[in-house]
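Residues in the sequence shown are numbered from 1 upward in steps of one, following the UniProt record's numbering.
Read the structure below first, then the notes.
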Amino acid sequence: LAQDADLKCRACGARAADPACGSGMADLSFSHIGSEELNRNAAVVPPSQLAVRHCLGVLLIVLVACIWVGASQLIEGIFQDLTYDKPYFITYFDTCGFTLWLLGALCTKRWRRQLSQPLAIRRQSAEAPAIRRGVWVYAGIALSVAPAWMLANYLFNLSLDATSVASNSVLSATSSLWTLLFSACLFGERVDPMKLLSVAVTVTGAALVATADSGSGHGGAGQGGSGNVWGDLLALVSACTYGAYTALLKLCVPDDAEEVSVVVAFGFIGLLVFTCGWPVLVLLDVCRWETFEWPPADVLPFLAVNALVGTNLSDVLWARALQLTSPL
Numbered sequence: 001l002a003q004d005a006d007l008k009c010r011a012c013g014a015r016a017a018d019p020a021c022g023s024g025m026a027d028l029s030f031s032h033i034g035s036e037e038l039n040r041n042a043a044v045v046p047p048s049q050l051a052v053r054h055c056l057g058v059l060l061i062v063l064v065a066c067i068w069v070g071a072s073q074l075i076e077g078i079f080q081d082l083t084y085d086k087p088y089f090i091t092y093f094d095t096c097g098f099t100l101w102l103l104g105a106l107c108t109k110r111w112r113r114q115l116s117q118p119l120a121i122r123r124q125s126a127e128a129p130a131i132r133r134g135v136w137v138y139a140g141i142a143l144s145v146a147p148a149w150m151l152a153n154y155l156f157n158l159s160l161d162a163t164s165v166a167s168n169s170v171l172s173a174t175s176s177l178w179t180l181l182f183s184a185c186l187f188g189e190r191v192d193p194m195k196l197l198s199v200a201v202t203v204t205g206a207a208l209v210a211t212a213d214s215g216s217g218h219g220g221a222g223q224g225g226s227g228n229v230w231g232d233l234l235a236l237v238s239a240c241t242y243g244a245y246t247a248l249l250k251l252c253v254p255d256d257a258e259e260v261s262v263v264v265a266f267g268f269i270g271l272l273v274f275t276c277g278w279p280v281l282v283l284l285d286v287c288r289w290e291t292f293e294w295p296p297a298d299v300l301p302f303l304a305v306n307a308l309v310g311t312n313l314s315d316v317l318w319a320r321a322l323q324l325t326s327p328l
């Protein structure tokens with residue numbers, strides 16, 4: 001607490017770290033700090049509240065899973081039925097929609113205050129670092145997680161072009177394996193037998209799906225059976241990248257929504273992709289990998305629904321669930 005240079009001694013008015021304070025605040029004595037500061041920083045979340053938070057997080061995860069499966073069906077329909085086969089443009093279009101969340105920062109007083117406040121102290125333990133807030137902090141979060149986000153979602157959409165939604169969904173679930181590995185490496189999350197069993201079941205299911213696809217004749221949009229293995233491989237790489245993105249987001253965004261707003265963070269991710277992602281569109285068009293074509297009028301409504309619900313709403317809910325539970 002004495003590391004906060006703005007904390008004042010109630011008796012003499014000196015700053016906490018000021019040697020002029022005669023009460024010993026400079027040597028980290030807590031006896032001289034008012035009860036208000038101690039209670040605020042030493043508050044412990046009751047176990048019952050933790051259980052409620054965890055249950056709410058699990059419910060959000062189930063809801064998001066349903067949205068993602070529906071969004072996958074919609075994207076495959078855009079590829080096949082509407083013949084708009086543009087995986088990167090769809091990823092770029094969806095992610096740019098995150099910028100709509102920044103309107104909340106302009107219209108909501110609490111979010112405006114978060115953007116303008118330069119420093120906030122949040123300590124769950126003696127070693128927990130201070131969390132700086134403001135525009136540059138959200139920009140830093142966006143720079144950290146946006147590349148992994150774009151790569152994971154582009155590969156996911158690209159895999160839908162070469163394999164079935166069922167295979168894509170099951171193989172994408174292997175992100176739990178990579179999330180477990182990255183979480184253990186980045187912030188030492190405990191790996192218990194139940195987590196290992198869950199990951200083992202998921203990976204076994206993914207292996208069975210991949211084996212079945214290698215001998216099937218059902219591919220994605222414009223693909224025969226030979227496209228299945230390629231699509232499965234893309235889905236697996238996407239799952240690995242998404243695991244890294246999940247761990248990075250958990251590392252950058254704290255558990256307390258009052259400290260850093262998930263909504264504003266995603267708004268900055270959308271703004272970064274909007275300003276820096278368009279050159280990739282030009283590069284893909286020049287290389288003839290994905291020819292740029294503005295979506296026709298009959299495709300735009302489906303793209304808008306997928307962007308607003310399948311990406312914007314679902315990923316904000318998912319990130320909030322990540323705060324309430326754990327990356328795995």
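Heads up, the beta-carbon is just placed ideally off N, CA and C, and yes, glycines get one too.
Query, Result
"For Ala239 and Pro47, what's the separation of their Cα atoms in angstroms?", "33 Å"
"Going by DSSP in three states, Ala319 sits in which element: helix, strand or coil?", "helix"
"With a cut-off of 8 Å, do at least 3 Cβ pairs link the segment 90-106 to the segment 261-270?", "yes"
"Can you say whether Phe98 is buried or exposed, counting buried as having 16 or more other CB atoms within 10 angstroms of its CB?", "buried"
"Which residue from Ala304, Ser167, Val262, Thr275 puts its Cα closest to that of Val316?", "Val262"
"Could you give the distance in angstroms between the alpha-carbon of Ala304 and the alpha-carbon of Asn312?", "10 Å"
"Can you tell which of Ala173, Thr202, Asp285, Leu63 has the C-alpha that lies nearest to the C-alpha of Thr241?", "Ala173"
"Quick one: grab the DSSP three-state call for Ser182.", "Just to set this straight, residue 182 is Phe in the shown sequence, not Ser. Three-state result, Phe182: helix."
"Can you tell me the Cβ-Cβ gap for Leu151 and Phe302, rounded? I've got them flagged as a contact below 8 Å.", "Going by Cβ atoms, the distance from Leu151 to Phe302 rounds to 24 Å, so no, they are not a contact pair."
"I'd like the span of the alpha helix (DSSP H) that includes Trp136, first residue to last.", "135-160"
"Can you tell me whether Cys66 is buried or exposed, with buried defined as 16 or more other CB within 10 angstroms of its CB?", "exposed"
"Determine the extent of the alpha helix (DSSP H) in which Ser172 is found, giving its start and end residues.", "165-172"
"What number of angstroms, rounded off, separates the C-alpha of Val191 from the C-alpha of Ser183?", "9 Å"
"Would DSSP call Gly277 helix, strand or coil?", "coil"
"Hey, Leu82 and Val253 are a contact pair by Cβ (cut 8 Å); roughly how many whole angstroms apart?", "Wrong, their Cβ atoms sit about 35 Å apart, outside the cutoff."
"Taking its Cβ as the centre, do 16 or more other Cβ atoms sit within 10 Å of Gly188, making it buried, or is it exposed?", "exposed"
"Give the secondary structure of Arg53 by DSSP, where H, G and I count as helix, E and B as strand, and everything else as coil.", "helix"
"Would you mind reading off the limits of the alpha helix (DSSP H) that contains Val305?", "300-305"
"Pick out whichever of Ala319, Pro193, Val309, Val237 has its Cα sitting closest to the Cα of Leu248.", "Ala319"
"Contact check, Leu160 vs Asn168 under 8 Å by CB: the rounded distance?", "6 Å"
"Using DSSP with H/G/I as helix, E/B as strand and the rest coil, what is Tyr92?", "helix"
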